[in-house]
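Residue numbers (my numbering): 15 to 319.
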């Protein structure tokens with residue numbers, strides 16, 4: 015059995031610059047999704063499908079594969095990561111069509127809470143007191159946010175619940191990816207997971223009778239932009255970071271998305287959150303950060319990217 019190979023993490027200024035670019039990239043996703051005139055499953059399938067097609071030539075024909083260490087267990091982990099990614103996009107994109115960008119983006123980024131709960135319930139790790147307090151604060155913020163959306167429409171509340179389901183699916187995606195990334199190069203990992211997610215979403219779309227073609231020309235442009243900017247640049251940056259940071263740490267960084275998405279929604283879609291909703295968003299965000307910063311981070315000893 016081969017041992018993992020130590021890789022020195024990049025310099026901090028390089029790491030954080032790339033992560034900032036990743037945050038800015040994923041913040042654009044909500045806008046492209048709102049502007050695309052297509053069903054949620056179709057949007058999700060095009061997003062990961064186009065991304066997989068773009069990286070496939072390099073991964074399959076250009077990239078040396080000596081450092082890609084596949085076996086049956088890692089194939090299963092890749093399938094799990096792909097399925098969870100498909101569920102994440104299906105739930106979240108649907109939620110964006112039912113509730114505000116601010117609510118959908120914030121609730122779908124409650125992933126650190128679920129990674130912390132997973133560590134406690136399934137790994138037996140005791141949560142620090144600050145982490146427990148943060149979870150309670152976040153739950154309070156979520157209740158406040160859901161309450162304000164319920165006062166608007168029942169559909170908005172349903173959208174909030176779908177966004178939370180998207181966060182739970184993203185937790186599975188991060189955990190499976192964290193276990194798999196040390197054994198695969200970034201191109202191989204990305205192609206495998208995006209490709210599997212695309213196949214799952216395509217099969218789901220066909221089985222449910224979802225329309226996959228005949229959209230306006232502008233919609234296809236937004237779908238390509240969605241695949242290139244938030245997916246290839248944004249998500250792939252965080253997949254790369256999983257070699258050097260824990261899943262919880264990566265989930266914390268993704269918390270920059272709600273702020274960016276809310277600002278872009280205000281600028282391009284005219285959505286401005288109410289004072290009460292803003293209070294709920296900030297309370298929820300504060301709870302997530304408090305709980306996340308209390309969790310231990312990963313030791314860096316991963317194979318070559």
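We treat Cβ as the ideally placed atom computed from N, Cα and C, and that holds for glycine.
Look at residue 217 here: in three-state DSSP terms it is helix. A distance below 7 Å between beta-carbons, with the five flanking residues on each side excluded, links residue 101 to the following residues of its chain, in chain order: 183. Put simply, the stretch 276-283 does not touch the stretch 135-152. Fewer than three CB pairs are less than 8 Å apart. Under the DSSP assignment, residue 82 falls outside any alpha helix (DSSP H); it carries neither an H nor an E label.
Using a Cβ distance threshold of 8 Å, residue 251 and residue 50 do not count as a contacting pair. Taken atom to atom, the span from the alpha-carbon of residue 193 to that of residue 88 is near 9 Å. Here the C-alpha atom of residue 249 lies approximately 7 Å from the C-alpha atom of residue 40.
Of all alpha-carbon atoms in 111, 214 and 38, the one lying nearest the alpha-carbon of residue 242 is that of 38. Within the stretch 25-113, the complete alpha helix (DSSP H) segments at least 4 residues long are 26-41, 43-49, 54-71 and 86-110, listed from N- to C-terminus. Membership of residue 254 in the alpha helix (DSSP H) is indicated by the continuous run 250-255. If the five residues before and after residue 286 are omitted, its C-beta is found closer than 6 Å to the C-beta atoms of 280, all from its own chain and listed in chain order.
CA-to-CA, the gap between residue 24 and residue 303 works out to about 24 Å.
When DSSP assignments are scanned along the stretch 111-182, the uninterrupted stretches of alpha helix (DSSP H) that are 4 or more residues long and fall wholly within it turn out to be 115-121, 125-136 and 143-166.
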